[in-house]
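First the structure, in the form of structure tokens, and then the observations on it.
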Amino acid sequence: MERNFYRYSKHNFSWGFFLGGLAMLLCVPYHWRAGDQLTALLVVALVAVIWGVAAWAIVAPRVGFEPVMLVTTLCNLGCLFALVHLGEVGIYWFYPLLMVIAYVMPWRWSAPINAANVIFGLSFAAGWMPDAQYYRLIATLLVALAFSLLFSYNMERQHEMLEDMSVTDPLTGAFNRRYFERELDEARRQWKRTGSLASMIMIDIDHFKQINDTYGHYTGDMCWWR
Numbered sequence: 002m003e004r005n006f007y008r009y010s011k012h013n014f015s016w017g018f019f020l021g022g023l024a025m026l027l028c029v030p031y032h033w034r035a036g037d038q039l040t041a042l043l044v045v046a047l048v049a050v051i052w053g054v055a056a057w058a059i060v061a062p063r064v065g066f067e068p069v070m071l072v073t074t075l076c077n078l079g080c081l082f083a084l085v086h087l088g089e090v091g092i093y094w095f096y097p098l099l100m101v102i103a104y105v106m107p108w109r110w111s112a113p114i115n116a117a118n119v120i121f122g123l124s125f126a127a128g129w130m131p132d133a134q135y136y137r138l139i140a141t142l143l144v145a146l147a148f149s150l151l152f153s154y155n156m157e158r159q160h161e162m163l164e165d166m167s168v169t170d171p172l173t174g175a176f177n178r179r180y181f182e183r184e185l186d187e188a189r190r191q192w193k194r195t196g197s198l199a200s201m202i203m204i205d206i207d208h209f210k211q212i213n214d215t216y217g218h219y220t221g222d223m224c225w226w227r
């Protein structure tokens, strides 16, 4: 069975980045009053793009690879800009960034992206942060990275287990009607977009209901196993 993480993560994607954009937007009045209008306008523009993509994901049939990577890249660039521009204050943005990426992206993507963010943050802070604070930064970022990876991995694994339970028959392991309807919709969308054809084979067991009615459902189940 083909798995698509983004098929079921669009609400996680939208809410995660909506809340992240809201947190970024709260800093705009501070920068504006401090006379840093350029930073304030850049934050507003970044939040507008993030919220626009997040709102689109709510109404879209499914969230593909491109919008997820687009918003993730924008958030990473925003955190890197905050680190370079604000210095010690900007490093705090890395902690929510690790959590958001772990929440909206599959484990195989969130692991290298968050690891790269931690490496960049530590490398940049090594040049100006005092040793006592730098060691604490290393410890806290590594702990945050480890838990973000565990969270992302466990969330994806648990969802795969729930998805298997929802689309397969527990007795035979065959796909059920929910899976059939989902794949039928996907085949219809592919046909409309590309004109590609699909085929379907149906198999029916004659008079199987009589076995259940005569000998009981337990006997019918044993027929499947054998």
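So for the sequence shown, the numbering used here puts the first residue at 2; every next one is plus one.
Every residue, glycine too, gets a C-beta built ideally from N, C-alpha and C.
All values reported here derive from a predicted model rather than from experimental measurement.
Residue 44 and residue 35 have their C-alpha atoms roughly 14 Å apart.
Per the DSSP secondary-structure output, residue 176 pairs in a beta bridge with 169. One thing to note: residue 167 has its Cβ no nearer than 9 Å to the Cβ of residue 106. Between residue 88 and residue 80, the gap from beta carbon to beta carbon reaches 9 Å or more. Measuring C-alpha to C-alpha distances from residue 51 to each of 30, 21, 61 identifies 21 as the nearest. Annotated three-state conformation of residue 22 is helix, per DSSP.
The criterion of a C-beta distance shorter than 9 Å is satisfied by residue 84 and residue 125. Here the alpha carbons of residue 82 and residue 143 stand approximately 21 Å from one another. Considering only 113, 40, 72, the residue with the shortest C-alpha distance to residue 16 is 72. Counting along the chain, residue 200 sits inside no alpha helix (DSSP H), nor does DSSP assign it H or E at all. With 16 or more other CB atoms across the displayed protein chains lying within 10 angstroms of its CB, residue 102 is buried. The three-state reading of DSSP puts residue 37 in coil, since its state is none of H, G, I, E or B. When Cβ pairs closer than 8 Å are counted between the two stretches, the segment 144-163 is seen to touch the segment 106-124, the count reaching three or more. Take residue 170, set aside five residues on each side of it, and the residues of its chain with a beta-carbon closer than 7 Å to its own are 177, in chain order. Residue 107 carries a coil assignment under DSSP once its states are collapsed to helix, strand and coil. Ranked by Cα distance from residue 203, the options 181, 54, 42, 196 are led by 181. Non-local beta-carbon contacts of residue 41 in its own chain, meaning distances under 6 Å to residues more than five positions away in sequence, involve 29, 32, 33 in chain order. Residue burial annotation: residue 94 is buried, with at least 16 other C-beta atoms found within 10 angstroms of its C-beta.
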